[in-house]
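Each remark here refers to the structure printed beneath this line.
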Amino acid sequence: MLSPTEPLSPVTLSHGRVVLRPLQAEDAGPLARAFAPHADIFRYMSSSPLQPGYVEEALRLQRTGNQLPFAILVGGELAGSTRYGDVRRTDRALEIGWTFLHPRHWGSEVNTTCKLLLLMHAFETLDLLRVQIKTDLRNQRSQRAIEKLGATREGVLRQHMRMPDGYQRDTVMYSIIRPEWPRVRRELSMTLQRHWEGSHSR
């Protein structure tokens with residue numbers, strides 16, 4: 001259960017070839033090198049691992065108790081990062097976000113697996129009532145991916161966030177709440193089963 005006072009405890013989550021482990025300072029260099037050729041994928045994000053101090057800042061926020069960053073490993077290889085953030089203990093709610101995944105894994109089961117692991121931990125271990133996910137209104141690909149998770153689109157926060165290039169972005173807000181979790185879990189599990197069957201039928 002989510003403690004009313006203590007920071008989120010670092011935890012390792014895994015399913016199949018996907019492992020989410022606590023982000024470490026030593027991940028900074030490998031992440032920057034892996035994503036340097038793919039800088040364009042961060043155009044809708046307010047920060048990226050290509051910026052000096054990105055991992056250091058994520059770990060600082062972890063110490064404040066407001067975030068819990070993970071490294072994404074696929075088959076033992078560092079493939080990206082994701083995290084819990086905006087932890088609201090009184091409301092029993094948090095956000096899943098700050099997610100980036102190496103393009104070689106786009107269209108695979110990896111993102112679905114990551115979200116299933118994070119949602120399971122949020123609803124079943126931390127006993128939360130609400131998980132939110134948000135994205136830039138311009139990021140159609142991200143919106144499609146979030147909607148495939150079964151999240152409900154709640155609306156648009158207009159002129160919500162200033163981006164590094166000075167653009168004042170509109171933000172689309174999605175959520176999954178506790179009564180929806182059994183359905184979402186069932187559908188995500190079925191999606192992963194189809195991925196598995198498809199990969200083993202080739």
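Residue numbers (UniProt numbering): 1 to 202. Virtual Cβ for every residue (Gly too), placed ideally from N, Cα, C.
Contact under 9 angstroms by Cβ, residue i with residue j
| i | j | result |
| --- | --- | --- |
| residue 125 | residue 1 | yes |
| residue 142 | residue 195 | no |
| residue 98 | residue 58 | yes |
| residue 54 | residue 31 | yes |
| residue 110 | residue 150 | no |
| residue 171 | residue 136 | yes |
| residue 134 | residue 119 | no |
| residue 7 | residue 85 | no |
| residue 5 | residue 89 | yes |
Cβ separation of residue i and residue j, assumed to be a contact under 8 angstroms, to the nearest whole Å
| i | j | result |
| --- | --- | --- |
| residue 153 | residue 174 | 5 angstroms |
| residue 95 | residue 62 | With 8 angstroms as the limit, residue 95 and residue 62 do not qualify as a contact, their Cβ atoms being about 14 angstroms apart. |
| residue 93 | residue 130 | 4 angstroms |
| residue 100 | residue 41 | 6 angstroms |
| residue 18 | residue 113 | 4 angstroms |
| residue 121 | residue 74 | The pair is not a contact, with the Cβ atoms about 19 angstroms apart (cut-off 8 angstroms). |
Span of the alpha helix (DSSP H), counted from its first residue to its last, around residue i
| i | result |
| --- | --- |
| residue 113 | 110-120 |
| residue 147 | 140-148 |
Segment limits, beta strand (DSSP E) that includes residue i
| i | result |
| --- | --- |
| residue 79 | 77-88 |
| residue 64 | Note, residue 64: premise wrong, no beta strand (DSSP E); alpha helix (DSSP H) at 54-64. |
| residue 100 | 93-101 |
| residue 31 | Looking at the DSSP string, residue 31 is not in any beta strand (DSSP E); the run it does join, the alpha helix (DSSP H), is 28-35. |
| residue 127 | Element bounds for residue 127: n/a, residue is neither H nor E. |
Same chain, Cβ closer than 8 angstroms to residue i, five either side skipped, listed in chain order
| i | result |
| --- | --- |
| residue 14 | 20, 117 |
| residue 10 | 22, 62, 68 |
| residue 127 | 1, 2, 92 |
| residue 50 | 32, 35, 36, 39, 42 |
| residue 187 | 150 |
| residue 25 | 55, 56, 59 |
Identity of the residues DSSP links to residue i by a beta bridge
| i | result |
| --- | --- |
| residue 20 | 13, 72 |
| residue 169 | 161 |
| residue 174 | 133, 153 |
Residues of its chain near residue i, where Cβ-Cβ distance is below 7 angstroms and the 5 sequence neighbours each way are ignored
| i | result |
| --- | --- |
| residue 27 | 55, 71, 78 |
Cut-off 6 angstroms between Cβ atoms - residues of its own chain near residue i, not counting five sequence neighbours on either side
| i | result |
| --- | --- |
| residue 162 | 168 |
| residue 123 | 181 |
| residue 48 | 42 |
| residue 159 | 168 |
| residue 115 | 149 |
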